[in-house]
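Residue numbers (the UniProt record's numbering): 1 to 369. All residues carry an ideal CB built from backbone N, CA and C; glycine is no exception. It should be emphasised that the depicted structure is a prediction, and the values quoted were computed from it without experimental measurement.
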């Protein structure tokens, strides 16, 4: 009996060791992929002048980046409360702020995606973060090309983008110390580009016509139902249902934000169920709109191969659609009537989300005209 227990213990230890190794390798793979995507996002920024940006922090203050250019470098960390590597990096991030906070403007910018003031404030208190923190509405992500979490962005004293990355490794710290050590220019640079905020559509608002193209290169317009470039017909006008989502929501958030994950599963399953039932000539066009965070067109092609019944997928490559519709949570479901007016807007943080989204799906017309 003792011998059998010893053998079982050895197997358990070996299994745990293998599991730990597998997790370590998986983390290494994700880190490498995150670094690749961050570098790709920053490729067109490096060496160019950073835009004028006003960043409002949780404590009610406003940081004007253009006033820092020429005097002080800037470090912006893009992060989310549900992001595992962000959580892992936070102790080092706070230590960095304590050490370098007087020499460089440090700002923690939360993505604003599937986060809000309540979740960010709670995380700040729990993690003991003391640096300025802001919640993005999409403006910063578009202006600074944020594509992964975490994403590190350094702007030097000349007001130029100097570094973009995902890992807080030696390369990042060397770049950080370099922008701190550099001499300030004699004449402060002028940021020529002003990053503009987009006011999102709300219920009752009427849309300006929007032309969209799916990842399969199909054309759509909102409002209406014709493909872009197709001749108008008497049956052109259609109601549109836009489902804003993230392809990684279900599996990635299963541990860190299980309620969000379940909501994403619910909406996807409802979309698939309705997708197999709806006639081709229904009154409603259904379009899924994907975030660009941790997402590429290739990722969406793979996602659609596994969930074909979700219908056409639009890749919001520059984040403009999320901004135009004021979407900060996934999933969010929005309906637009035939006249182009927003009639419903439901996101998972609303009370009775399940009941509301079920009613919305049921209300959308599937009957033949």
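Simplified DSSP assignment, three categories, for residue 251
helix
Starting from residue 288, trace the beta strand (DSSP E) both ways and give me its first and last residue.
284 to 290
Tell me whether the segment 31 to 42 and the segment 113 to 129 touch, counting them as touching only if at least three CB pairs, one residue from each stretch, are closer than 8 Å.
no
Measure the C-alpha to C-alpha separation of residue 309 and residue 206 and round it to an integer number of angstroms.
29 Å
If I measure Cβ to Cβ from residue 36 and keep anything under 7 Å in the same chain, skipping five residues before and after, which residues do I get?
none
Are there three or more Cβ pairs, one per stretch, closer than 8 Å when the segment 335 to 348 is compared with the segment 309 to 324?
no
Tell me whether residue 321 sits in a helix, a strand or coil according to DSSP, three-state version.
helix
Consult DSSP for residue 69 and reduce its assignment to one of helix, strand or coil.
coil
Note down the Cα distance separating residue 136 from residue 74, rounded to an integer number of angstroms.
17 Å
Could you tell me which of 30, 255, 296, 112 sits nearest to residue 166, measuring between CA atoms?
30
With burial defined as no fewer than 16 other Cβ atoms inside 10 Å of the residue's Cβ, what is the status of residue 363: buried or exposed?
exposed
What is the residue span of the beta strand (DSSP E) that residue 361 lies within?
Unbroken run through residue 361 is the alpha helix (DSSP H), 353 to 363; no beta strand (DSSP E).
Give the DSSP-derived three-state secondary structure of residue 370 in the structure shown.
The shown model of the chain, from 1 to 369, leaves out residue 370, and the question about it has no answer.
Going straight from the alpha carbon of residue 48 to that of residue 160, what length do you get?
5 Å
Among the residues of its own chain, which have a CB less than 6 Å from the CB of residue 104, if the five just before and after it don't count?
73, 75, 180
What does the Cβ neighbour count give for residue 59, buried or exposed, with the cut at 16 atoms within 10 Å?
exposed
At the level of alpha carbons, what is the spacing between residue 70 and residue 178?
15 Å
Just mark residue 117 as buried or exposed, buried being the case when its beta carbon has 16 or more other beta carbons within 10 Å.
exposed
I need the straight-line Cα distance from residue 208 to residue 296, nearest angstrom please.
27 Å
If you reduce the DSSP assignment to three classes, tell me which class residue 183 lands in.
coil
Quick check: what's the CA-CA separation for residue 57 versus residue 139?
14 Å
Excluding the five sequence neighbours on either side, which residues of its own chain have a C-beta within less than 7 Å of the C-beta of residue 189, listed in chain order?
49, 69, 70, 158, 159
Are the Cβ atoms of residue 245 and residue 331 separated by less than 9 Å?
yes
So which of 240, 267, 241, 285 has the shortest CA-CA distance to residue 250?
267
According to DSSP, residues forming a beta bridge with residue 63:
55
If you compare alpha carbons, which of 187, 152, 184 is closest to residue 170?
152
If you draw a straight line from the C-alpha of residue 375 to the C-alpha of residue 87, how long is it?
The question about residue 375 has no answer here: the residues shown for the chain are numbered 1 through 369.
Under the three-state DSSP convention, the category residue 256 falls into:
helix
Quick one: is residue 217 buried, meaning 16 or more other Cβ sit within 10 Å of its Cβ, or exposed?
exposed
Might you give, ordered along the chain, the residues of its own chain that have their beta carbon closer than 8 Å to the beta carbon of residue 254, omitting 5 neighbours on each side?
261
Considering only the beta carbon of each residue, do residue 212 and residue 271 sit closer than 9 Å?
no
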